[in-house]
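FYI, the numbering for the sequence shown is 127 to 246, going by our numbering. A short write-up of the structure that comes next.
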Amino acid sequence: MKILVVDDSIVYRTQIVKLLRDNLPEADFVTAGDGVAGLTKFIEEKPDVTLLDLLMPGMNGQEVLKKIKEISPEARVIVLTADIQKFIEAEVRELGAWTFVHKPITREKAKQVAQLIKGA
Numbered sequence: 127m128k129i130l131v132v133d134d135s136i137v138y139r140t141q142i143v144k145l146l147r148d149n150l151p152e153a154d155f156v157t158a159g160d161g162v163a164g165l166t167k168f169i170e171e172k173p174d175v176t177l178l179d180l181l182m183p184g185m186n187g188q189e190v191l192k193k194i195k196e197i198s199p200e201a202r203v204i205v206l207t208a209d210i211q212k213f214i215e216a217e218v219r220e221l222g223a224w225t226f227v228h229k230p231i232t233r234e235k236a237k238q239v240a241q242l243i244k245g246a
């Protein structure tokens, strides 16, 4: 299983990979530090699941999600964000997000995300 993590914070990318690897030791992780790099990695790597931050400079998460869904409508994208506004959550669900997870990602949230991924 291949998982792509797209977030502009290297600290956060490292943290989410570590927490998920604890629950998904068999997974291969690929990372990207911005939306353009994330979209490129998605095309090149064809991940089973993408974890995508919304608030990034340049191409933001909504734009990346829209492009991913144009390329691969069945893509499983988990949106991660610190923004808790309900209309943002509704917007990304409408764009085709698989699920929505609020930052920060704790061990418990990582375990829930891992269970969701395993069940897919």
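The beta-carbon is built from N, C-alpha and C at its ideal position, and this holds for glycine as well. As the structure is a prediction and not an experimental result, all values here were calculated from the model.
Exercise for review: Could you name the residues that DSSP lists as bridge partners for Asp154?
Suggested key: Working through the sequence shown from its first residue, we reach residue 154 at position 28. Answer is Lys128.
Practice item. Check whether the region 134-146 touches the region 225-242, taking contact to mean three or more Cβ pairs, one atom from each stretch, closer than 8 angstroms. Key: yes
Point to revise | As assigned by DSSP and simplified to three states, the class of Ile214 | key: Residue 214 sits at position 88 when you count from the first residue of the sequence shown. Looking at Ile214 - three-state DSSP - the assignment turns out to be helix.
**Study point:** Identity of the residues DSSP links to Asp179 by a beta bridge
**Key:** Here the question's residue 179 lines up with position 53 in the sequence shown. Answer is Leu206, bridged to Asp179.
Check your understanding: Under 7 angstroms, do Thr207 and Leu180 count as touching if we go by C-beta distance?
Key -> Translated into positions along the sequence shown, residue 207 becomes position 81. Translated into positions along the sequence shown, residue 180 becomes position 54. Against a cut-off of 7 angstroms, the Cβ pair of Leu180 and Thr207 comes out as a contact.
Review point. Ordered along the chain, which non-local residues of its own chain (more than five positions away) have a Cβ less than 7 angstroms from that of Arg298?
Key: Summary: the structure shown does not reach residue 298, with the chain confined to residues 127 through 246, and so no result is reported for it.
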